[in-house]
Amino acid sequence: MMRSATITTAGEAPIVATTQPVVRLTYEDYRATPEDERCELLDGDLIMVAAPNLKHQRVQFRLGRELGNFIVEHDLG
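Heads up: the sequence shown at position 47 corresponds to 73 in the working numbering, and the numbers run straight through without jumps.
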């Protein structure tokens, strides 16, 4: 589906802008991306994801530790 828009400015000829067709990616396209690229496939769009920062990693570690302690204390695994 091609979309176009006409833009006019005072005293100038109209400018026609055309966008490229929308391409929806598939799971196979996602699998073809390099493994070291941090990205997600969301509704056919490939979204680049930032690496977690130090604060995120600390919270994740502490949460994992607390969950592990809970499992041991309650003999759940």
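C-beta atoms are modelled at their ideal positions from N, C-alpha and C, and glycine is treated no differently. The structure presented is a predicted model; accordingly, all values stated were derived computationally and were not measured.
- For Asp-55, the secondary structure class from DSSP, reduced to helix, strand or coil, is helix.
- In this structure Val-75 touches Arg-64 by the C-beta definition: roughly 4 Å separates them, less than 8 Å.
- Following the DSSP letters along the chain, one finds Glu-66 inside the beta strand (DSSP E) bounded by residues 65-68.
- Per DSSP, Val-98 lies in no beta strand (DSSP E) segment; the continuous alpha helix (DSSP H) that holds it begins and ends at 80-99.
- Between Gly-70 and Leu-89, the C-beta gap is not smaller than 7 Å, which leaves the two residues out of contact.
- In chain order, Gln-86 place their CB closer than 8 Å to the CB of Pro-78, counting only its own chain and leaving out the 5 sequence neighbours on each side.
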